[in-house]
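Visitor: Pasting a structure here, questions to come.
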Amino acid sequence: MHDTLPLLMPGDFPPLQRGRLETLQVNLGYLCNQSCLHCHVNAGPKRKEVMTAATLDELICYLEASAVRTLDLTGGAPELNPGFRRLVKAAREAGIRVIDRCNLTVLLEPGQQGTAEFLAENEVEIVASLPCYLEENVDNQRGDGCFSVSIRVLRLLNGLGYGRRLPLNLMYNPQGPTLPPPQDALEDDYKRHLAENYAVHFNRLLTLTNMPIKRFGSMLVSRGGFDDYMSLLRTAHRDENLDGVMCRTLVSVDWEGYVYDCDFNQMLGLHTRVNGKGRLHISDLRDTDLTGNPIMVANHCFGCTAGQGSGCGGALEP
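Position 316 (the sequence shown) corresponds to 474 in the numbering used here; numbering is contiguous.
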């Protein structure tokens, strides 16, 4: 796999500073039941990196002592971590909003019986990856049969109240090196197609720009398209999107408990640093105020400010 970090640094992305921390995004491990072409985590069934019970304990201690109000769980497939339910329960008991970034198909994997019901009982918000509403496109990107299984799971979730009483949002990303189309118009297309053809309902569609890192970035390098894609992101950059990028109010925690300014920086190994010191751990975060701290940036950050903007919450300007 090609390392794209040397192609992204030194960069000329505008400097950014943190605001007040609102969201803790936690990667519970890179283990996943899928190996998607667009995956910026390079997750898959053979990955061994999984957050330990001890690190989960430190994470829970931080949540109980902090003012963070949203816990955003990701992976890999976060549900595959043995401590997933314990962490969710602890956060919900502390009154913290929990988001599960779910690939859908994992909920039908062996050992996951009852996970969908658990999510509903604990009123966990689901952000489900469905990169297209057309079966052929999804299977090309995620593997044969993935679309039909995803539809089965979406119907299961609808039956548990998701898409109506409970929030169910879908995540779209382009099939290749292009920017996402306007979010609102695409959401209308998704809702119409999924309702008419599969009787599936959801709340919102979130569009995400593909980042030129890890598996997707390596694919661009292999096909000679990395420079063209970076040129696209740079040309489409909008200064007005700088105020809304997720790294201003979010930190990302990796499976070992180390802290980054965003999930993409985590994948590049760009640690959050305070006063020039070394790596910051979740155990250090209780005594650290990140407000005003400079954010680690490189040229991949143009992916968050290009066009309508992009982040884990979807378009910045829908």
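A virtual CB, placed ideally from N, CA and C, is assigned to each residue, including glycine. What you are looking at is a predicted structure, and each value in this text was computed from that prediction instead of being measured.
(1) Have a look at Thr336, Glu267, Ala274, Arg227 and flag the residue whose alpha-carbon is nearest the alpha-carbon of Arg526.
(2) Between Arg313, Lys204, Tyr188, Asp419, which has its C-alpha nearest His439's C-alpha?
(3) Roughly how many whole angstroms lie between the Cα atoms of Gln270 and Ala235?
(4) Are three or more beta carbon pairs between the region 448 to 457 and the region 165 to 182 nearer than 8 Å?
(5) Just mark Thr367 as buried or exposed, buried being the case when its beta carbon has 16 or more other beta carbons within 10 Å.
(6) If Thr162 and Val379 are in contact, beta carbons under 8 Å, what's the gap, nearest whole angstrom?
(7) With the cut-off set at 8 Å, would you say Leu363 and Leu390 are in Cβ contact?
(8) Under 8 Å Cβ to Cβ from Gly187, same chain only, skipping five residues before and after it: list those, please.
(9) How is Gly187 classed by DSSP in three states: helix, strand or coil?
(10) Given Ala353, which residues of its chain have a CB within under 7 Å of its CB, disregarding the five upstream and five downstream residues?
(11) At what residues does the alpha helix (DSSP H) containing Glu283 begin and finish?
(12) Would you mind sorting Pro268 into buried or exposed? The rule is 16 or more other CB atoms within 10 Å of its CB.
(13) Beta carbon of Leu326, beta carbon of Ala278: below 8 Å?
(14) Any chance you could list the beta strand (DSSP E) runs of at least 3 consecutive residues sitting entirely within the region 328 to 402, in chain order?
(15) List the residues that DSSP assigns as beta-bridge partners of Thr463.
(16) Hey, could you find the ends of the alpha helix (DSSP H) Gly308 is sitting in?
(17) Mark Asp385 as exposed unless 16 or more other C-beta atoms lie within 10 angstroms of its C-beta, in which case mark it buried.
(18) With 8 Å as the threshold, decide whether the Cβ of Leu292 is near any Cβ in chain B.
(19) So, is Asp230 buried or exposed, given that buried needs 16 or more other C-beta atoms within 10 angstroms?
(20) Would you mind reading off the limits of the beta strand (DSSP E) that contains Ser441?
(21) Less than 8 Å between C-beta atoms, sequence neighbours within five positions excluded: which residues of the same chain meet that for Gly415?
(22) Between which two residues does the beta strand (DSSP E) carrying Cys260 extend?
(23) Report, in whole angstroms, the separation of the C-beta atoms of Gln183 and Cys470, which I expect to be a contact under 8 Å.
(24) Rounding to the nearest angstrom, what Cα-Cα distance links Glu294 and Gly303 in this structure?
Guide: Once the coordinates are examined:
(1) For the chain, the structure presents residues 159 to 476; residue 526 sits outside this window and is missing.
(2) Asp419
(3) If you draw a straight line from the Cα of Gln270 to the Cα of Ala235, it is about 11 Å long.
(4) yes
(5) That one is buried.
(6) With a Cβ gap of about 7 Å, Thr162 and Val379 count as contacting.
(7) no
(8) Arg205, Glu207, Val208, Met209, Gly233, Gly234, Pro236, Leu238, Asn239, Trp413
(9) strand
(10) His359
(11) Glu283 -> not in any alpha helix (DSSP H); beta strand (DSSP E) instead, spanning 283 to 287.
(12) Counting Cβ neighbours within 10 Å, Pro268 comes out exposed, since fewer than 16 surround it.
(13) no
(14) 362 to 365
(15) Paired residues: none, contrary to the question.
(16) Just to set this straight, residue 308 is Ser in the shown sequence, not Gly. Its alpha helix (DSSP H) spans residues 304 to 317.
(17) Exposed, by the Cβ-count rule.
(18) Absent from the structure: chain B. Only one protein chain is present.
(19) Around the C-beta of Asp230, 16 or more other C-beta atoms lie within 10 Å, and the residue is accordingly described as buried.
(20) Element bounds for Ser441: not the beta strand (DSSP E) but the alpha helix (DSSP H), 440 to 443.
(21) Sequence-distant partners of Gly415 (beyond 5 residues in either direction) whose C-beta falls short of 8 Å from its own C-beta, in its chain, are Met209, Thr213, Glu216, Leu217, His439, Ile440, Ser441.
(22) 255 to 260
(23) 7 Å
(24) 9 Å
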